[in-house]
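A.B. asks:
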Amino acid sequence: MVKAVFCGDAAVDKSTLIMHLCKGKFVSNVNSTLGVEFQNKQIEVDGKRVAIQLWDTAGKERFRSIAKSYFRRCDGVILVYDSTYERSFLNIREWINTITDSTLKKVSVMIVANKIDLSDQIRAEGKRIIEQVEGSKSAKGCS
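Residue numbers (this note's numbering): 119 to 261.
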């Protein structure tokens, strides 16, 4: 079984992303995660079935210590930020440091820009979005 932990600031829609990955549908009114929850997913890799547990951690600061214990026992981390909310993007480095400080082994981290489907709407409102080039540059700087 592969264990992947989703982390990132509150309200970046980690839970919605996990629901979409596991159930194949978009659920817009997902409650905030309190502590940690998980979903199971089966995928096929090289002709073999692989079981994955997708752990959904709360993004609020008061729950961060709980997330740290899950980083220690995972095979990988999916760090999610909201491409329409700059603060969540700027906090990537802080999350990387938390992950690194919480684990004894090197853990692979995938950085995911969420809510890119809202880019046109946000631009029309005159607000800033995190462009793909900027996100890619930041991800490379974290490796």
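We put the beta carbon where it would ideally sit given N, CA and C, even for glycine. Every value quoted in this text rests on a predicted model; they were computed, and no experiment measured them.
Let's test the definition: count the other Cβ atoms within 10 Å of the Cβ of residue 130 and tell me whether it reaches 16, buried, or not, exposed.
C.D. replies: buried
A.B. asks: Sorted by chain position, which residues of the same chain lie with C-beta nearer than 6 Å to residue 229's C-beta, five sequence neighbours on each side aside?
C.D. replies: Excluding residues within five positions, the ones whose Cβ falls inside 6 Å are 197, 257.
A.B. asks: For residue 64, count neighbouring C-beta atoms within 10 Å of its own C-beta (all shown protein chains included) and say buried if the count is 16 or more, exposed if not.
C.D. replies: Outside the displayed range of the chain (119 to 261) lies residue 64, so it cannot be described from this structure.
A.B. asks: For residue 146, which option in 233, 172, 212 has the closest C-alpha, if you only look at C-alpha atoms?
C.D. replies: Nearest to residue 146 by C-alpha distance, out of 233, 172, 212, is 233.
A.B. asks: Candidates 194, 200, 236, 204: which alpha carbon is nearest residue 218's?
C.D. replies: 194
A.B. asks: Evaluate residue 223 with the Cβ neighbour count: other Cβ atoms within 10 Å of its Cβ, from every protein chain shown; 16 or more gives buried, anything less gives exposed.
C.D. replies: exposed
A.B. asks: Taking 8 Å as the limit between beta carbons, can you name the residues of its chain near residue 136, skipping five residues before and five after?
C.D. replies: 124, 157, 172, 174
A.B. asks: Rounded to whole angstroms, what is the Cα-Cα separation between residue 166 and residue 227?
C.D. replies: Approximately 24 Å, taken between the alpha carbons.
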